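> Mind the numbering: the sequence shown is residues 1118 to 1296 in the numbering used here, read in order.
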Amino acid sequence: MRSRSSIALFLCIGFILILINFSFSSCGVYSFNDVGTIPDSIKTVRVNFIENRAPYVNPQLSPTLTDRLKQKITSQTRLSSTTNDNANWDISGSITDYSVSTSGVTNTNGRAQSSLNRLTVSVHIILNNQLSSHVQEFDISRSFDFSSSQSLQQAEAGLLDEMIRNLTDEIFNRIFSNW
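1. Applying the criterion that 16 or more other CB atoms from any shown protein chain within 10 Å of the CB defines a buried residue, is F1263 buried or exposed?
2. Give me the Cα-Cα distance between I1155 and G1275, rounded to the nearest whole angstrom.
3. Under the three-state reduction of DSSP, which class applies to L1248: helix, strand or coil?
4. So what's L1178 in DSSP terms, helix, strand or just coil?
5. When DSSP labels each residue in this structure, what does D1286 get in the three-state scheme?
6. Given that a residue counts as buried once 16 or more other Cβ atoms are within 10 Å of its Cβ, and exposed if not, what is D1256?
7. In chain order, what residues of the same chain lie with their CB nearer than 6 Å to the CB of F1166, ignoring the 5 residues before and after it?
8. What distance in whole Å lies between the Cβ atoms of D1214 and A1171, which are believed to be in contact at a cut-off of 8 Å?
9. For R1185, does the count of other Cβ atoms within 10 angstroms reach 16, so buried, or fall short, so exposed?
10. In whole angstroms, what is the alpha-carbon distance linking I1288 and I1242?
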């Protein structure tokens, strides 16, 4: 009897270990950093300064966006960053819109009042594959809501990190994942 219970316990523990192994190994199947679209011939990338050509200029946006995009590309791909004119991929762009509009209206004592403002940032990106002379251009746009009780300058202080993170992710995904 004792040997049957030992065998059953051994089989049960073995089955549980196999299930745990499959559970953990399947976690790595899905990845949101799909950078498998980089051809083997592409080794270097140059990220040029993303100029601010919007009517309203946030002086921190262009340099910070440029630096974060460089960091993301070098940390999440196999590409080497360079400042040479002969980089395999040459990325450039400009901020084309930086505008505020009303996005939420409330009715207070019979009067319509703005409750939310929306900051919209648009960026035009140009990816030049210098090995194949293929140029890809695309536009991205992101909106960020903030309270109408804040001035734009107050809102920018709180939104800058979110703006940079979202814009960088969107640009990266469009270049490397074709999203």
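Every residue, glycine too, gets a C-beta built ideally from N, C-alpha and C.
Only a predicted model underlies this, so the values are computations on that prediction, with no experimental measurement involved.
Reading from the atomic positions:
1. Walking along the sequence shown from the start, residue 1263 turns up at place 146. So F1263 ends up on the buried side.
2. Start at 1 with the first residue of the sequence shown, and residue 1155 comes out as number 38. Start at 1 with the first residue of the sequence shown, and residue 1275 comes out as number 158. Distance between the alpha carbons of I1155 and G1275: 35 Å.
3. Within the sequence shown, residue 1248 is the residue found at index 131, counting from 1. Reduced to three states, the DSSP call for L1248 is coil.
4. Translated into the one-based positions of the sequence shown, residue 1178 becomes position 61. Helix.
5. Counted from its first residue, the sequence shown places residue 1286 at position 169. In the structure shown, D1286 sits in a helix (DSSP, three-state: H, G or I).
6. The count along the sequence shown starts at 1 and reaches residue 1256 at position 139. In the assembly as shown, D1256 is an exposed residue. Its beta-carbon has fewer than 16 other beta-carbons within 10 Å.
7. As a working mapping, residue 1166 is identified with position 49 in the sequence shown. Hits under 6 Å: T1183.
8. To locate residue 1171, count along the sequence shown from 1; it is residue 54. To locate residue 1214, count along the sequence shown from 1; it is residue 97. Yes, A1171 and D1214 are in contact; Cβ-Cβ is about 5 Å, under 8 Å.
9. On the sequence shown, position 68 is the one that residue 1185 refers to. With 16 or more other Cβ atoms inside 10 Å of its own Cβ, R1185 counts as buried.
10. What you label residue 1288 is simply residue 171 of the sequence shown in a count that begins at 1. What you label residue 1242 is simply residue 125 of the sequence shown in a count that begins at 1. Roughly 8 Å separates the two Cα atoms.
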